[in-house]
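A.B. asks: This structure is in structure tokens; I'll ask about it shortly.
Residue numbers (the working numbering): 4 to 177.
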């Protein structure tokens with residue numbers, strides 16, 4: 004089951020759902036203070052915890068943070084930008100393209116978008132989302148990880164705009 008399918012299934016069962024989108028800073032803070040702020044306490048109000056894949060990529064190399072996230076007692080879903088965002092937007096590539104473009108005011112990102120700006124949706128390469136995350140961010144490689152400056156933040160902003168479209172479709176179908 005894809006992240007999108009699971010998210011839709013959970014939201015379909017609830018007329019209201021409390022959703023938390025985690026970023027690297029939240030995870031860092033919660034991990035550092037886990038002895039005083041238990042996961043049960045922090046996550047109790049939420050029905051669903053979402054983590055964009057690029058946020059996961061930022062903490063995945065740290066075994067303690069990875070284990071902390073794996074032990075979150077609530078349903079936690081890693082949302083894959085290249086698999087889950089388009090279904091949330093009913094496969095409207097141009098909408099996602101513009102959403103990511105506006106959320107990414109960085110030189111590398113804008114260079115990427117300028118290359119494809121005049122393309123029609125059906126002219127965009129099938130792997131344009133992967134290309135964006137590969138080419139659209141300042142990249143730093145270390146022995147243990149590859150980080151993309153602000154990729155997690157762009158993913159979070161975009162996810163915040165994609166999620167209500169699921170809820171709206173569910174409301175219409177009820």
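Built from N, CA and C at the ideal position, the CB exists for glycine as well.
What are the uninterrupted segments assigned as beta strand (DSSP E) that are 3 or more residues long and contained completely in the region 19-78, given in chain order?
C.D. replies: Fully enclosed beta strand (DSSP E) runs of 3 or longer: 22-24, 51-55.
A.B. asks: Would you say residue 153 and residue 109 are within 8 Å of each other, going by their C-beta atoms?
C.D. replies: Cβ distance < 8 Å, so residue 153 and residue 109 count as in contact.
A.B. asks: From 34, 55, 23, 68, pick the residue whose C-alpha is nearest to that of residue 46; which is it?
C.D. replies: Taking only the C-alpha atoms, the option nearest residue 46 is 23.
A.B. asks: Compare the beta carbon distance of residue 52 and residue 27 with 8 Å and say whether it is the shorter of the two.
C.D. replies: Cβ atoms of residue 52 and residue 27: not closer than 8 Å.
A.B. asks: Anyone know if the C-beta pair for residue 40 and residue 33 falls short of 8 Å?
C.D. replies: Cβ distance < 8 Å, so residue 40 and residue 33 count as in contact.
A.B. asks: Any contact of the region 63-78 with the region 120-129, i.e. 3+ C-beta pairs under 8 Å?
C.D. replies: Touching, no, given that fewer than three Cβ pairs across the two stretches are closer than 8 Å.
A.B. asks: Provide the residue(s) that pair with residue 143 in DSSP beta bridges, ordered along the chain.
C.D. replies: DSSP lists 150 as partners of residue 143.
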